[in-house]
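Numbers 8 to 147, taken from my numbering, label the letters of the sequence shown in order. Here's the structure we're looking at; comments come further down.
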Amino acid sequence: IKITPVIAKILKDSFKQFRFNENNLLYCSNKRGLITNGTINSEFKKLCKKNNIRNEDVNFHMLRHTYATRCIESGMQAKVLQKKLGHHDITITLNTYTSVFNKYKESELQKDCFLPHRHKERCNLQEDPFSRKEQGRTYR
């Protein structure tokens with residue numbers, strides 16, 4: 008995981024506030040135990056409600072899926088996303104996000120400048136790049 012300057016500051020601040028606990032956890036509950044998924048989801052729901060983000064049932068894991076979806080939409084390769092998400096096997100990434108990859112692939116195909124029926128409109132071309140004109144004749 009790349010440690011950005013923002014994350015480095017958060018970690019430094021966290022180390023300064025470290026409270027000893029038997030598990031040597033950097034982040035722990037008020038009782039100095041493990042922070043459970045339920046606790047994280049509860050706090051996340053409160054944060055969403057407070058900021059009018061979403062009225063539906065939300066959970067913290069949705070952020071992971073949103074992040075992965077945006078990475079795919081921005082053109083990130085599946086292998087890179089696999090590493091970022093920490094999936095041991097590429098099939099986990101591909102199976103989990105198959106619909107997103109397929110939707111992205113289809114939308115990218117629609118943008119292809121050189122589809123014969125779309126190239127002029129998409130690329131603002133004045134003439135067909137697949138034809139060649141010689142002595143007043145057009146060849147295809």
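From the three backbone atoms N, C-alpha and C, an ideal C-beta is built for every residue, glycine too.
Between LEU33 and SER21, the C-beta spacing is below 7 Å.
Under a 10 Å Cβ-count criterion, GLN89 is classified as buried, with 16 or more other Cβ atoms of the shown protein chains found around its own Cβ. Across the structure, GLU29 and THR46 are spaced so that their CA atoms are roughly 20 Å apart. Here DSSP, grouped into helix, strand and coil, assigns ARG26 to coil.
With a 10 Å radius around the Cβ and a threshold of 16 neighbouring Cβ atoms, THR11 comes out exposed. Taking 7 Å as the cut-off, the beta carbon of LEU101 is found no closer than this to the beta carbon of ALA75. Rounded to whole angstroms, the separation of the alpha carbons of PHE25 and ARG39 is 11 Å. Separation of GLU80 and TYR111 (C-alpha to C-alpha, rounded to the nearest whole angstrom) is 6 Å. Residue ARG71 holds the alpha-carbon nearest to the alpha-carbon of GLY93 among ARG71, GLU63 and SER36. Our two residues, LYS57 and ASN44, have alpha carbons roughly 20 Å apart in a direct line. Taking the Cβ atoms as the reference, PHE67 lies roughly 5 Å from PHE51, within the contact range of under 8 Å.
The Cβ-Cβ distance between CYS55 and VAL65 falls below 7 Å. Under the three-state reduction of DSSP output, ARG61 falls in the coil class, being neither helix nor strand.
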